[in-house]
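**Student:** So that we are looking at the same thing, I have put the structure below in structure tokens.
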Amino acid sequence: MSNKRTRPPIAKAVADTVGAGGELHQQAQGTHPALTTQQGLSVSDNQNSLRLGARGPTLLEDFILREKITHFDHERIPERIVHARGSGAHGHFELTHSLSAYTTAKVLTEVGVKTPVFSRISTVAGGSGSSDTPRDVRGFAIKFYTSQGNWDLVGNNIPVFFIQDAIKFPDLVHAVKMEPDRGFPQAASAHDTFWDFISLTPEAMHMVMWIMSDRTLPRSLRMIEGFGIHSFRLVNAAGESTFVKFHWRPKLGLQSTLWDEACKIAGGDPDFHRRELFEALSAGETAEWEFSVQLFTQEMADTFAFDHLDATKLIPEELVPLTVIGRLVLDRWPDNFFAETEQVAFCPSHLVPGIDFSNDPLLQGRLFSYLDTQLSRLGSPNFAQLPINAPKCPFAHQQRDGQMQMARPTGRVAYGPSSLAADSPRESAATGFVTATVPESGVKGRIRAESFADHYSQARQFWHSQTGFEQAHIASALVFELSKVEHLHVRQAMVGHLRHVDGGLAQRVADGLRLPALPDAPRPARPVQSLPTSAALQIIGKMKRTLAGRAIAILVADGSDGAAIAALKKAAMAAGARVKIVAPKVGGVTLADGSSLAADGQLAGTPSVMFDAVAVLLSAAAAKTLSAESAAVDFVRDAYGHLKAFAVDAGGQALLQVCGVQPCAGVVAVTALAEFLDAAKTRQWARERSVRSLA
Ligand code: HDE
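Each residue of the sequence shown is one higher than the one before, counting from 917 in the numbering used here.
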């Protein structure tokens, strides 16, 4: 029970005491309320269970011990079967452009209204305790608490999906999760069962290109895009429907880590993304997205070279441009992780009048799955009563009883039609949800539409839309992942598929795996088309040259120059960056002028992978000491290898030299502050080929 709701009386002041065993008894006094049991009974001793004799057995009679332990034993609920690891935040959606011509949904027609939201961003494959930075799709779910009921938009950070039909989802998830006999790998697609399944599922090839790109290695949860993926329908007052796809784009721009960096972050700070969002929101910053729609009619859809009901396809922006309609802002970390982020229950079937589903077979399956999974996860059909799930608009229904009924429904009437209660809830033809009237016909059967059969053309389009750096990362990711696959025939089958995407890509991956020969390509169901490229599919083109939301480390030690540190910190913060002082000891350093400087992080526990750019400002003596310190050498080498900008003074330069870092673009004297801050806004891509071999 929340002690906020049932705050017991403050006990009369008694001083803290030390018990016979030396244990501390903190007494209720001042603003501290008296600790109680769930029943409100004030507890006199929270340190010792009830015993027979000081060194004797514990008594079953101890109902206080039993209540506490019993509750503890039941403090976990089943984690989500997918998307178990996630972070959530509150905020709002503000509409800036009305879609009243297309829909009656007030959330999409009332300009200026701020609709409260709760959003949860997650990885897919790992358990709830897994790290934040594996190569994985990010789930991006938004619950809009609208004035017409809750609308859940349960999307991802990638606009397409692996499979076309919901019946394949359990297979996909079983293949990517830990292998069932051995219980590993955790949160990783780089293993045999995943690639075996993929190599036998040609429809996954477009998604494979996306997941092998750096989209699956986000720098921050504030730097990912969001997509509803499926086509939905908007329905207007006249009952006319228009198809819609939802997109949301980060204000801070897209930004990713490098693969080596993501792996090292997982060791340095497994909570990297959660902590970043928590720290940003706690500091008064926001996470913000520009919210857009792609609107199209059935007639337009009939002209597309693909089927928009197929979730393995996207609609290029060049074909149907995006219309910006609002802002999504997250600005408040939840009060309690479990009550909100863990218990929030998203269901694509939660929607409002004016929005409706399409026939996308993946979406149709999801409409069943989410409600079903919430029943098993939250244990009761009353999960909608949890504060995080309850609508913020008035609601009234006849659903009663069930486990954990928290409300106290009154009156005799829990049914309809009824004539006994004047205030019982009734249907409303005027405001109620009406399913779009869409004529349907066809033969009943387990059928896959022929219009879903082109599995390679958009994968090819994606590949050809990337910059050279991005292509090298995709090819290298494929080599990395397939190198972890033990079965040669699976590696070969995958490279065979890649031949349809691009012959050069297939060759690069085959070389990276040292395959004896280029494997045969499977026969495609449809001829592969070369579609026009689309810059919107890149990450590099969508990065922002900004320091907002970026972090800079200044590595210092005893004897560092305080004036240089202060000037750099001031300028970087003025440009929007967060700055952290990293020192060999967390207690701080004594600067050259004898003054003290506190550290934000200790060198061994604050590696450079946590930052976007670094400064190394050291005395000559400290540079010498640190050159024999592997944490310092790794700090420099990793920052260099991860293509980050450096600001250095003479001591910093000396340490860089020991670490084998030669003068090059992006390594700047600390006196050239503007140059450093500009370089810090991006990675030094030109350096990449000199630090690692890529496929
Ligand atoms: Fe989900 N998915 N999914 N999914 N999904 C779940 O629901 C499912 C799919 C997505 O933060 C589960 O509450 C099926 C596509 C997000 O709480 C479950 C299919 C997209 C989240 C489920 C899909 C998503 C989930 C597990 C194929 C992007 C996390 C826990 C038909 C458009 C929500 C839960 C959160 C979670 C089923 C495919 C996004 C089992 C059957 C496509 C963001 O119900």
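We put the CB at the ideal spot given by N, CA and C, even for glycine.
My output table needs one value for L1246: the three-state DSSP class, helix, strand or coil.
**Tutor:** The residue you call residue 1246 lines up with position 330 of the sequence shown. Strand.
**Student:** Among G1384, L1193, A1409, I1304, which has the Cα closest to the Cα of G1457?
**Tutor:** Here residue 1457 corresponds to residue number 541 of the sequence shown, with the count starting at 1. Comparing Cα positions, the closest option is G1384.
**Student:** Got a sec: does ligand 1 put a non-hydrogen atom nearer than 7 Å to the Cβ of Y1061?
**Tutor:** Position 145 of the sequence shown, counted from the start, is the residue given in the question as residue 1061. Incorrect: Y1061 has no Cβ contact closer than 7 Å to ligand 1.
**Student:** Could you have a look at S1047 and say whether DSSP puts it in helix, strand or coil?
**Tutor:** Looking up residue 1047 in the sequence shown gives position 131. Coil, per DSSP.
**Student:** Nearest CA to the CA of K1540: which residue from G1568, L1519, F1562, G1557?
**Tutor:** Numbered from its first residue, the sequence shown carries residue 1540 at position 624. The candidate whose alpha carbon is nearest that of K1540 is G1568.
**Student:** Is W1261 near ligand 1 - that is, is its Cβ less than 7 Å away from at least one heavy atom of it?
**Tutor:** Translated into the one-based positions of the sequence shown, residue 1261 becomes position 345. The amino acid occupying residue 1261 in the given sequence is Ala; Trp does not appear at that position. Yes, since a heavy atom of ligand 1 falls inside the 7 Å radius drawn around the Cβ of A1261.
**Student:** Just checking N1066 against ligand 1 - is the residue's beta carbon closer than 7 Å to any of the ligand's heavy atoms?
**Tutor:** For the purposes of this step, residue 1066 is identified with residue 150 of the sequence shown, where counting begins at 1. Not so, every heavy atom of ligand 1 lies at least 7 Å from the Cβ.
**Student:** Let me know the secondary structure DSSP gives A1323 once reduced to three states.
**Tutor:** Here the question's residue 1323 lines up with position 407 in the sequence shown. Of the three classes helix, strand and coil, the one that applies to A1323 here is coil, per DSSP.
**Student:** Can you tell me which of K1486, S1105, T1351 puts its alpha carbon nearest to the alpha carbon of G1401?
**Tutor:** The sequence position of residue 1401 within the sequence shown is 485, counting from 1. The identity of residue 1401 in the sequence shown is Val, whereas the question assumes Gly. Ranking the options by Cα distance to V1401, first place goes to S1105.
**Student:** Does A1612 come out as helix, strand or coil in the three-state DSSP assignment?
**Tutor:** For the chain, the structure presents residues 917 to 1611; residue 1612 sits outside this window and is missing.
**Student:** Smallest Cα separation from V1260: which of V1607, F1056, S965?
**Tutor:** Within the sequence shown, residue 1260 is the residue found at index 344, counting from 1. Closest option to V1260, Cα to Cα, is F1056.
**Student:** Can you tell me whether G1358 is helix, strand or coil according to DSSP?
**Tutor:** As a first step, residue 1358 is located in the sequence shown; it is residue number 442 there, counting from the start. Of the three classes helix, strand and coil, the one that applies to G1358 here is coil, per DSSP.
**Student:** Look at the alpha carbon of D1068 and the alpha carbon of T1257, and state the distance between them as a whole number of angstroms.
**Tutor:** What you label residue 1068 is simply residue 152 of the sequence shown in a count that begins at 1. What you label residue 1257 is simply residue 341 of the sequence shown in a count that begins at 1. Roughly 15 Å between the two C-alpha positions.
**Student:** Going by DSSP, what residue range makes up the beta strand (DSSP E) through R1054?
**Tutor:** Counting from 1 along the sequence shown, the entry for residue 1054 is found at position 138. 1054-1062 is the extent of the beta strand (DSSP E) around R1054.
**Student:** Taking the DSSP output, what are the residues bridged to K1496?
**Tutor:** Stepping through the sequence shown from its first residue, residue 1496 is reached at position 580. Beta-bridge pairing links K1496 to A1469.
**Student:** For E939 and A931, I'd like the C-alpha separation in whole angstroms.
**Tutor:** Taking the first residue of the sequence shown as position 1, residue 939 is located at position 23. Taking the first residue of the sequence shown as position 1, residue 931 is located at position 15. Going from the Cα of E939 to the Cα of A931 covers about 14 Å.
**Student:** Put T1289 into one of helix, strand or coil per three-state DSSP.
**Tutor:** Stepping through the sequence shown from its first residue, residue 1289 is reached at position 373. It is helical.
**Student:** Across which residues does DSSP place G1517 in a beta bridge pair?
**Tutor:** Within the sequence shown, residue 1517 is the residue found at index 601, counting from 1. DSSP output for G1517 lists V1498 as bridge partner(s).
**Student:** Considering just the uninterrupted stretch of the beta strand (DSSP E) at I1481, what are its terminal residues?
**Tutor:** To locate residue 1481, count along the sequence shown from 1; it is residue 565. Per DSSP, I1481 belongs to no beta strand (DSSP E); it is in the alpha helix (DSSP H), 1478-1490.
**Student:** CB of T1289 to nearest heavy atom of ligand 1: below 7 Å?
**Tutor:** In the sequence shown, the residue the question calls residue 1289 occupies position 373. Checking the Cβ of T1289 against ligand 1 gives yes.
**Student:** Taking all protein chains shown into account, decide if G1503 is buried (16 or more other Cβ within 10 angstroms of its Cβ) or exposed.
**Tutor:** Counting from one through the sequence shown, the residue named residue 1503 turns up at place 587. With fewer than 16 Cβ atoms within 10 Å of its Cβ, G1503 is classed as exposed.
**Student:** Considering only the alpha carbon of each residue, which of A1464, W1205, D1427 lies closest to D1594?
**Tutor:** Position 678 of the sequence shown, counted from the start, is the residue given in the question as residue 1594. Comparing Cα-Cα distances from D1594 to each of A1464, W1205, D1427, the minimum goes to A1464.
**Student:** On the three-state DSSP scale, how would you describe H1371?
**Tutor:** Taking the sequence shown and counting its residues from 1, the one referred to as residue 1371 is at position 455. Looking at H1371 - three-state DSSP - the assignment turns out to be coil, as it is neither helix nor strand.
**Student:** Along the chain, where does the beta strand (DSSP E) containing G1630 start, and where does it finish?
**Tutor:** This structure leaves residue 1630 out entirely; the chain is present only between 917 and 1611.
**Student:** Rounding to the nearest angstrom, what Cα-Cα distance links L1447 and P1237 in this structure?
**Tutor:** If you number the sequence shown from 1, residue 1447 lands on position 531. If you number the sequence shown from 1, residue 1237 lands on position 321. Near 17 Å, if we compare the C-alpha coordinates of P1237 and L1447.
**Student:** DSSP on N919, reduced to helix/strand/coil?
**Tutor:** What you label residue 919 is simply residue 3 of the sequence shown in a count that begins at 1. Low confidence applies here, because N919 scores a pLDDT of 47, under 50, leaving its location unreliable and the question unanswered by this model.
**Student:** Output the distance between the C-alpha atoms of G1510 and A1555, rounded to the nearest integer angstrom.
**Tutor:** In the sequence shown, residue 1510 corresponds to position 594, counting from 1. In the sequence shown, residue 1555 corresponds to position 639, counting from 1. For G1510 and A1555, the distance between alpha carbons rounds to 29 Å.
**Student:** Going by Cα to Cα distance, which pick from L1421, A1452, S1450, G1428 is closest to A1437?
**Tutor:** Translated into the one-based positions of the sequence shown, residue 1437 becomes position 521. For the residues L1421, A1452, S1450, G1428, the minimum Cα distance to A1437 belongs to L1421.
**Student:** To the nearest angstrom, how far is it from the Cα of G1348 to the Cα of K1161?
**Tutor:** On the sequence shown, position 432 is the one that residue 1348 refers to. On the sequence shown, position 245 is the one that residue 1161 refers to. If I take the Cα positions, the gap works out to 24 Å.
**Student:** What's the call for L1542, buried or exposed, on a 16-neighbour Cβ count within 10 Å?
**Tutor:** Working through the sequence shown from its first residue, we reach residue 1542 at position 626. Buried, because 16 or more other Cβ atoms sit within 10 Å of the Cβ of L1542.
**Student:** Could you tell me the distance, in whole angstroms, from the CA atom of M1121 to the CA atom of H1413?
**Tutor:** Translated into the one-based positions of the sequence shown, residue 1121 becomes position 205. Translated into the one-based positions of the sequence shown, residue 1413 becomes position 497. Roughly 8 Å separates the two Cα atoms.
**Student:** Is it right to say Q1374 is buried, meaning 16 or more other beta carbons lie within 10 angstroms of its own, or is it exposed?
**Tutor:** Walking along the sequence shown from the start, residue 1374 turns up at place 458. Flag for Q1374 reads buried.
**Student:** Restricting to Cα atoms, I'd like to know which of F1085, S1136, D1477, G1557 is closest to F1113.
**Tutor:** In the sequence shown, residue 1113 corresponds to position 197, counting from 1. Nearest of F1085, S1136, D1477, G1557 to F1113, Cα basis: F1085.
**Student:** Counting only the same chain and skipping the five closest in sequence on each side, list residues whose C-beta sits under 6 Å from that of L1244.
**Tutor:** Along the sequence shown, one-based indexing puts residue 1244 at 328. Within the same chain, L1244 has close Cβ partners F1009, W1164, W1205, F1207.
**Student:** If the criterion is Cβ atoms closer than 8 Å, does the pair K1022 and S1063 meet it?
**Tutor:** Here residue 1022 corresponds to residue number 106 of the sequence shown, with the count starting at 1. Here residue 1063 corresponds to residue number 147 of the sequence shown, with the count starting at 1. Yes.
**Student:** Y1331: buried (16+ other C-beta within 10 angstroms of its C-beta) or exposed?
**Tutor:** The residue given as residue 1331 occupies position 415 in the sequence shown. Exposed, by the Cβ-count rule.
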